[in-house]
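Undergrad:
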Amino acid sequence: MLGGVINTYSALAFAETTFGLLRSERRLGPVENLNRRSTANRDAINDWVSRSAVLRLSVPDPERRGAAVTLLKVVDPALESSGLHTRIIARSKQLLGYEGITRPDGKHEPGLDVAR
């Protein structure tokens, strides 16, 4: 895959996720309920992706997929052959750079994982 995954790690996002889960538990009930909902959501996404002509799960082995994040990849030959894919990734990195998340020049940013 040519530059299709942009994954930013953030301690703030981790804290927000943790506190968000605690709020959800207070609203929705015990963690077992949250796990059931998470499993149902994952099944719905898997079904949706299985019917898509241009989307695939980036991690093909279900046993290796994370529970909190779903990584999708676009597999559209028209994008790959036209050079548009490269421009989309470059522009995405540029926009992330404006937000201070990564550098538009493509240099390594600690905590940023970009698959090329």
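In the numbering used here, the protein residues as written are 1415 to 1530. For each residue, glycine too, the CB sits at the ideal point set by N, CA and C.
1) Within the same chain, show all residues whose beta-carbon is closer than 8 Å to that of residue 1430, passing over the 5 residues directly before and after it, in chain order.
2) Between which residues of its own chain and residue 1493 is the CB-CB distance below 8 Å, once the five residues before and five after are set aside?
3) Quick check: what's the CA-CA separation for residue 1448 versus residue 1507?
4) Identify the continuous beta strand (DSSP E) that holds residue 1448 and give its terminal residues.
5) What is the residue span of the alpha helix (DSSP H) that residue 1493 lies within?
6) Can you tell which of 1480, 1490 and 1460 has the C-alpha that lies nearest to the C-alpha of residue 1468?
7) Check each candidate in 1460, 1436, 1504 and 1444 and name the one with the smallest Cα separation from residue 1485.
8) With a threshold of 7 Å on Cβ separation, who are the neighbours of residue 1445 within its own chain once the five nearest residues in sequence on each side are excluded?
9) Measure the CB-CB distance between residue 1471 and residue 1463 and report whether it falls below 8 Å.
10) Inspect the beta-carbon positions of residue 1479 and residue 1488 and report whether they are closer than 8 Å.
TA: Inspection of the coordinates gives the following:
1) none
2) Leaving aside the five residues that flank residue 1493 on each side, the residues in its chain whose CB is nearer than 8 Å to its CB run, in chain order, 1499 and 1502.
3) 34 Å
4) Per DSSP, residue 1448 is not a residue of any beta strand (DSSP E); the alpha helix (DSSP H) it occupies stretches across 1445 to 1464.
5) Residues 1491 to 1496.
6) 1490
7) 1460
8) So the qualifying residues of the chain are 1439.
9) yes
10) Taking 8 Å as the Cβ cut-off, residue 1479 and residue 1488 do not qualify as a contacting pair.
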